[in-house]
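Q: When we follow the numbering used here, the leftmost residue of the sequence shown carries the number 1, and every step to the right adds one.
C-beta atoms are modelled at their ideal positions from N, C-alpha and C, and glycine is treated no differently.
Predicted, not measured: the structure shown is a model, and the values here were computed from it.
My structure is below; once you've seen it, I'll send some questions.
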Amino acid sequence: GKIADYAKAYGKKALVVITASGYKRIGATLENSFGGSEIGVVYDYFNGECSKNEINRLIAIADEKGCDMVIGIGGGSVIDASKTTALLVANPTEGGIWDYVSFAKEPANPALPIGLVVTIPSTGSESNPSAVISNDSIQEKLIYTEASMRPRFSITCPALTYSLPAYPAACGICDILSHLLEQYLHNDTHVDVSDNMLIGVMKAVVKWGPESMKDPKNFDAKANLLWASYLAMSQVISKGHDENGISHMVE
């Protein structure tokens, strides 16, 4: 289907955030998806890190071009930068995103509509309103959550992951398992539903992860991994017990 078919309900001009390597892999598909639509598209190549400086750069482009929505195409960093850019365009502040991350201020307006196209089963950021953001000037990397940063739509198509190189594909599988283990390793004793959902998703990742590495075009493997990635960070299977987010803090 066309990305524009989803996007047209939320805006007229989209800032599309994607890495240069991502565009090389699926650019033709994207052009076809937006081709002939009523949606104006402003492409910008993402610089690789969801940082305060990169977010500020993207905000300036969205403001200059008059974008009224943001579409992130890629993995976790692209997605998180898209979310936070959408928030800051609607809530400009002198200190940038760190005014909100530090809780010095609270956004007064909802973020611009956010749409996502996932190209790697990994972080699961497409399923929630949170973002991991770094600030190089003070050497901090923190998680920020704002309800209006929840995506209006997230497209997870296995075919868009077929050309993913082996190393990031393997890292993504490990990331999914880490997120699941963070939620499974707790001390509560009466949350059988959540625990067994977590076990089931982990079993699926253990089964389909190696299959996806042997055959990157295995549709079933990639579909299961994308669904596992989404569920792992959807805030659904973590209900009823504490979470152990130590791997995020170590990172």
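(1) Please go through the same chain and pick out, in chain order, the residues whose beta-carbon is closer than 8 angstroms to the beta-carbon of Glu11, but skip the five residues on each side of it.
(2) Can you tell me the Cα-Cα spacing of Ala90 and Asn218, whole angstroms?
(3) In the DSSP assignment, what are the bridge partners of Ala260?
(4) What separation, rounded to the nearest whole angstrom, lies between the Cα atoms of Phe103 and Asp136?
(5) Leaving out the 5 sequence neighbours to the left and right, which residues in its chain are closer than 6 angstroms to Met149 when beta-carbon positions are compared?
(6) Helix, strand or coil: how does DSSP classify Leu88 here?
(7) Apart from the five residues on each side of it in sequence, which residues of its chain come closer than 6 angstroms, Cβ to Cβ, to Ile71?
(8) Less than 7 angstroms between C-beta atoms, sequence neighbours within five positions excluded: which residues of the same chain meet that for Val41?
(9) Would a C-beta distance cut-off of 9 angstroms place Pro173 and Val205 closer than the cut-off?
(10) Whole angstroms is fine: what's the gap from Ser134's alpha carbon to Val117's?
(11) Just reading off the alpha helix (DSSP H) that Asn224 is part of, what are its end residues?
(12) Under 9 angstroms between the Cβ atoms of Ser122 and Gly76?
(13) Using C-beta distances below 8 angstroms, list every residue in its chain close to Thr119, excluding the 5 sequence neighbours before and after it, in chain order.
(14) May I ask you to report which of helix, strand or coil DSSP gives Leu112?
(15) Kindly list the residues whose CB is nearer than 8 angstroms to the CB of Tyr43, restricted to its own chain and excluding five residues on each side of it in sequence; keep chain order.
(16) Closest to Lys203 by C-alpha separation, out of Ile97, Lys65, Leu181, would be which residue?
(17) Under 9 angstroms, do Val201 and Ala170 count as touching if we go by C-beta distance?
(18) Taking just the CA atoms, how far does Leu226 sit from Ala7?
(19) Can you give the Cα-Cα distance for His186 and Asp5, rounded to whole angstroms?
(20) Tell me whether Ile155 sits in a helix, a strand or coil according to DSSP, three-state version.
(21) What's the C-alpha gap between Pro92 and Lys2?
(22) Would you please state the rounded distance, in angstroms, between the beta carbons of Pro158 and Ala223? I believe it to be under 8 angstroms.
(23) Who are the Cβ neighbours of Ala108 in its own chain at under 7 angstroms, not counting the five residues just before and after it?
A: According to the structure data:
(1) At residue 11 the sequence reads Gly, which differs from the Glu that was named. Ile39, Cys67, Asp68, Met69, Leu112, Pro113.
(2) 40 angstroms
(3) Since the displayed the chain opens at 1 and closes at 251, residue 260 lies outside it and no answer follows.
(4) 18 angstroms
(5) Lys83, Leu87, Ala111, Pro129
(6) helix
(7) Ala14, Val16, Gly115
(8) Ala14, Val16, Phe34
(9) First, the residue type needs correcting, since residue 173 is Ile and not Pro in the sequence shown. Yes, Cβ-Cβ distance for Ile173 and Val205 is below 9 angstroms.
(10) 22 angstroms
(11) 219-232
(12) yes
(13) Gly22, Arg25, Ile26, Ile73, Gly74, Gly75, Leu160, Thr161, Leu164
(14) coil
(15) Val16, Ile18, Tyr23
(16) Leu181
(17) no
(18) 21 angstroms
(19) 42 angstroms
(20) strand
(21) 31 angstroms
(22) 5 angstroms
(23) Asn91
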